[in-house]
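In mature numbering (1 follows the signal peptide of the UniProt record, and there is no 0), the protein residues as written are -19 to -1, 1 to 120.
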Amino acid sequence: MRRCATLLIIALTAGTSVALQIQCYQCEDVRQDDCSSPEFIVNCTVNVQDMCQKEVLVMEDGIHYRKSCASSGACLIASSGYQQFCTGKLNSVCITCCNTALCNGPRHKRRAASHTCRPSISLYTSPLLSLMLLHLCSH
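Shown next as structure tokens:
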């Protein structure tokens, strides 16, 4: 029984310390979306910056871009706060957040399901393993 309890504890904590890191494009105040090349790719801070952010500013001299890593909380607050200013007209500011590698790069044609987030199967491994061990230990 002690062995089953130990295995169950290991299974329950197996997925809790997984480090998540995303890569994003990072640049300040560039025009024509030209910071989407390899030299602008950065590794975001593990378990802190879990999203990529893209700001598009429409100014008198053209469209300016800022791209960076961001925490999900800060990015989502900023994007919703600027939503009313995202008109596409002069002095407009649009902030978007995304959570896949290099997603703040140049705009591509969207696929039908590209906006959905699909959890990795590994997110379910630990709970399933725990249930299996619990079942085995109870018999």
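The C-beta atom is built at its ideal place from N, Cα and C for all residues, glycine as well.
Bear in mind the structure is a predicted one, so any value in this text is a computation, not a measurement.
Fill in: As assigned by DSSP and simplified to three states, the class of C16
coil
- request: Report the rounded CA-to-CA distance for R12 versus A51, giving the unit in angstroms.
  value: Those two C-alpha atoms are separated by around 21 Å.
Please return the same chain residues whose Cβ sits closer than 7 Å to the Cβ of D31, not counting the five positions on each side in sequence. Closer than 7 Å at the Cβ level, and outside the excluded window around D31, lie L1, I3, S52, S53, N80.
Alpha carbon of V74 to alpha carbon of F66, nearest angstrom:
6 Å
Quick check on S61: buried or exposed, where buried means 16 or more other Cβ atoms within 10 Å of its Cβ? exposed
Check: Shortest alpha-carbon distance to G86 belongs to which of E36, L71, V29, T26?
Finding: E36
Measuring CA to CA, which of Q34, V27, L57 is closest to E9? Of Q34, V27, L57, the residue nearest in Cα terms is Q34.
Quiz item: Looking at C-alpha atoms only, which residue of G69, V39, C78, M40 is the closest neighbour of A55?
Solution: The candidate whose alpha carbon is nearest that of A55 is C78.
What residue range is occupied by the uninterrupted beta strand (DSSP E) comprising A55?
Segment 53 to 62 is the alpha helix (DSSP H) holding A55; no beta strand (DSSP E) there.
Checklist line | Unbroken beta strand (DSSP E) run spanning K35, endpoints | finding: 32 to 40
| said: Rounded to whole angstroms, what is the Cα-Cα separation between L71 and N24? | reply: Roughly 33 Å between the two C-alpha positions.
- [ ] Below 6 Å CB to CB, which residues in the same chain sit around D14 once its five sequence neighbours on both sides are set aside?
- [x] Y46, P87
**OP:** Kindly indicate which residue of N28, C16, I44 has the alpha-carbon position closest to the one of T68.
**Re:** I44
Inset, instruction - Quick one: using the 10 Å Cβ neighbour count with 16 as the cut-off for buried, is S18 buried or exposed? - result: exposed
Discussion item. At a threshold of 7 Å, does N72 count as lining the ligand COA (C-beta to nearest heavy atom)?
Written reply: Judged by which ligands are present, the structure shown has none, so any question about the ligand COA falls away.
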